[in-house]
Every structure is written in C-alpha cells, then in structure tokens.
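Reading through the structure tokens given below for one structure.
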Amino acid sequence: MSKATVVMGVTGSIAAYKACDIISALKKQGVEVHVILTASGARFITPLALETVSGNAVVTDLFSRETPWEVEHIALAKRADVFLIAPATANVLAKAAAGMADDMLTSTLLATLAPVLVAPAMNTNMYLHPATQGNIGLLQARGVRFIAPGSGPLACGDEGVGRLADVPDIVAAVLQALAQKRDLCGKRILVSAGPTQERIDPVRYLTNRSSGKMGYAIAGAAAARGAAVTLISGATNLSPPTGVERVDVLSSADMFAAVDVRFDGCDALIMAAAPADFTPRQTAEHKIKKNGEGLQLELCATQDILAHMGARKGKQVLVGFAAETQDIAANAQGKLKNKNLDFIAANDVSGKDAGFAVDTNAVTLYSAGGGAPQQSGSMTKQALADWLLDRVFAERS
Ligand code: CTP
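FYI, my numbering numbers position 294 of the sequence shown as 1090, with every residue one higher than the one before it.
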C-alpha cells in the first residue's frame, strides 16, 4: 500500500518556522509530506529547510522554471489524501474563500478534492476582523476544517487569539482526517434540507424556521465518506459542501418534483428538510392590497414527500426527521410506520440546543428493524451527521 500523502501549504507568518516540526511529526507517523511554500512564506523559512525535513522537493512558485512542478499542480492536487495549510495567513484565507488561483498553493487548493485542513496564525485583530471571520465561515460551509488558533502572547507584541495551534493538535487533526472513512463510495444519496416557501402573492410567502444546517451537514459528511450526493435545498444562506450537487427549490411542490425524478436512481433518501404541510389554495397574481380588514387565507395540504416515496420504495433506505414539541416517542414511531421509513431521527425542537438554526442537535433514532431507540446526546450537527450515517448504513454494508 502506498503511504498516506499530505500536501502542506506554508504561508507567510512568523509561525512558518513550526512547519518543520509538523512535517517531522507527520513523517514519524509514516506520512509522506509535499510542501508548497508561498512567496511570502519563503521570507520566513527556506525551501532548503523544508526540503531537508520532508525529504521531497519543495514547490515554491507556479511559474518557476527550476522544478518540473509548474505543470504538475494538478498531479499534486490529486496525490493529496489530505491538504493542510499551516500556518495560514489572513491573506490565503481570503484568496481561498474567493476561489482565487494566482499562485501554486491556491491553484493546487482549487484543484484538489482531498479534505482540506487549515491552521490559521495571525495577529488577533486580523483574525477577529469580520472579513477574516466571514472567510472562515464561508470555507467552513464548503467543508474546510479549521484547527483553531490558540491564545497568548503573539510575535507582534499583542496578546490574544491568533497563535498557531499546538503542533500535536495539528498532527492529530491530520491523522484523524487521513483515517476518515470512505465507506459510502458507490452509494447515491439524496438529501433534502431547509424550509420551503409557499407563495401567497408576488411579494408574500409562508415559510418555517428551518435553517438547513442539519441537511447540509449530512450532505457534506456523506460526500466526504465517498457518496455521490444530491442536495435538494430550500432557500437557505448556506454554501453547498464540497463535492455535493445542489438543486435549489422553493415550494414544497418543487421539492416533491425534485425528489420524485431522482428517487429511483438513489440508494437512500434522507429528508432533513421541513417542507410545508400547507400551501395557499390560490396564489394571487398581483399583490393583495390591504382593505383595513383582515385577510382569510385558504390553505390546502401539500403532498407528503416521504410518505409518497415510502409507498413506492424498492431497495432504497428512507430516513426521516421528526420535529416534535410533545409526545416525541409516540409521534416519531407513528411517522416511522405510516410513512414506511427505515429510520426516523426524532428531535425535540423546543429545546435550546436542538432543532432550528442552532449548530448543535440531539436526536433519538428509531429503526423499523426494531431494537432499542438510540440516543445521540447533544453534539454538533457535523458530528451528528456522521453518527447518523454510521447507523443508517451499518445494517446494510
Ligand atoms: N416531510 C415530507 N413532506 C412533507 C412534510 C414532511 O417529506 N410535506 C418529511 C420531513 O422532511 C421529515 C418527516 O416528513 O423528514 C417528518 O416531518 P414532520 O414535520 O416532523 O412531520 P409531518 O409528517 O409534517 O407531521 P406533523 O407536522 O403533523 O407533525
């Protein structure tokens, strides 16, 4: 078996000197490391030092004529099992967030499909600046994992957050990413996420509080584990995770149609969306004018997407979510049976750390196969996504 390979970007921060420690710790774990050093990184550490520790040629410039690498950034991008940037400056985060490719590091980063880990290092104010925080948020939403910087005295004399994470923490994160399961290769998974919008007139609609975070986390986790994922998404402000095909929909009827045409070709449907149960019987062609009195809206039922797919399913695994505020167990088990599901993840959306818009969630998973319900406990939606996928696909692999 060939060695696990890390492609490591080193950028222009004083913490660049720690790159040698990271490389040598990874090499001790049997990991092959190829370094890409940016022009400003090379002002802090020499290519020779990195070459000596890594045992591989260091790539310094996309247009360099000294190495064969200038035509090989795609090969390097493909060779990476994990792509690490340590230390990462505010500048490289901004370029990565914007999708720029104006040097060897950013070009290779844009071409890689490997999991990307980033360990930022910079002055506190630069780190906390809304622009940098916005870039971090954008990259996280695309599936980039951050190894958070530590706090303490910084090289610039300031005190605060921004110090490169400790070397053992960076190495542990890389080893964990290398050990990432690829157990869903070959599976086609449909995931739905977010709310729907039911039009009343050209300027008004009915919607709900779903943020889409849980469905996006599941889509991202399944893609990272090798599945071909299509995310049917209601209107959210989230970016699609890396490697996921996103189909945008607005109404519950649109979501039904988008799921319906793809259902036969999928191995699993995970409905984390909150499609509306009711829609205005009629959509007014023009804006409804107020007349000093109230307005009676007549609503009719939408189609239950899961129940419909449950009624016609073949080999597909069907997973639902039950958003409940009372009688959680009975309601969830009722939905499991009535919609002919394989699993239902029930959550109490009245809790503070579960349900809509928050970053954590806690579910109880009921299986049609019987057995005791399983409690996840409170965890991040990312961790919960993997927890669910482990259980949904365990019985079938
Ligand atoms: N669901 C669906 N189509 C709908 C409504 C819901 O496929 N029109 C799915 C949801 O995506 C979720 C599951 O059904 O996976 C349960 O949704 P939930 O809102 O908890 O329950 P409902 O079936 O809508 O029932 P109720 O609102 O009465 O609790």
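Beta carbons: idealized from backbone N, C-alpha and C, even for Gly.
Only a predicted model underlies this, so the values are computations on that prediction, with no experimental measurement involved.
To which residues of the same chain is T974 closer than 8 Å at the C-beta, ignoring the five residues directly before and after it? Here residue 974 turns out to be Leu, not Thr, going by the sequence shown. Only A800, V802, V827, D877, V878 meet the Cβ criterion.
Mapping the DSSP letters down to three states, classify S947 as helix, strand or coil. strand
Quick one: residues in its chain with C-beta nearer than 8 Å to the C-beta of A1103, no 5 flanking neighbours on either side, listed in chain order? N1134, K1135, N1136
Could you spell out where the alpha helix (DSSP H) holding Y923 opens and where it closes? 920-924
Would you tell me roughly how many angstroms separate the C-alpha atoms of I932 and C952, rounded to the nearest one? 22 Å
Is M1067 near the ligand CTP, judged by its Cβ being under 7 Å from some heavy atom? yes
Considering only residues of the same chain and omitting the five flanking positions on each side of Q825, which have a CB-CB separation below 8 Å? V967, L971
Is the region 803-815 in contact with the region 901-919, if contact means three or more CB pairs nearer than 8 Å? yes
Can you tell me whether F879 sits near the ligand CTP, meaning its C-beta is under 7 Å from at least one heavy atom of the ligand? no
In whole angstroms, give me the CA-to-CA distance for R1042 and S798. 34 Å
Following a CB-centred definition, is I810 positioned closer than 7 Å to any heavy atom of the ligand CTP? no
Residue span of the beta strand (DSSP E) that contains L909, given as start and end: Neither: L909 is in no beta strand (DSSP E) and is coded neither H nor E.
Following a CB-centred definition, is L934 positioned closer than 7 Å to any heavy atom of the ligand CTP? no
Suppose contacts are defined by Cβ-Cβ distances below 8 Å. Is D1063 in contact with K977 by that definition? no
C-alpha distance - R995 paired with V1115, whole-angstrom precision: 28 Å
Around the C-beta of A944, are 16 or more other C-beta atoms found within 10 angstroms, so that it is buried, or is it exposed? exposed
How long is the line joining the alpha carbons of A845 and D965, rounded to whole angstroms? 22 Å
Would you mind stating whether K1131 and D1155 have Cβ atoms separated by less than 8 Å? no
Should the region 908-923 be regarded as contacting the region 845-857, the criterion being three or more beta carbon pairs within less than 8 Å? no
Between N1127 and the rest of its own chain, which residues show a CB-CB distance below 8 Å, the 5 nearest in sequence each way excluded? A1118, E1120, A1142
Nearer than 7 Å: is that true of the beta carbon of K1131 relative to any heavy atom of the ligand CTP? yes
If you compare alpha carbons, which of A1031, T1038, R1108, T1079 is closest to P1071? A1031
Output the distance between the C-alpha atoms of V999 and F840, rounded to the nearest integer angstrom. 56 Å
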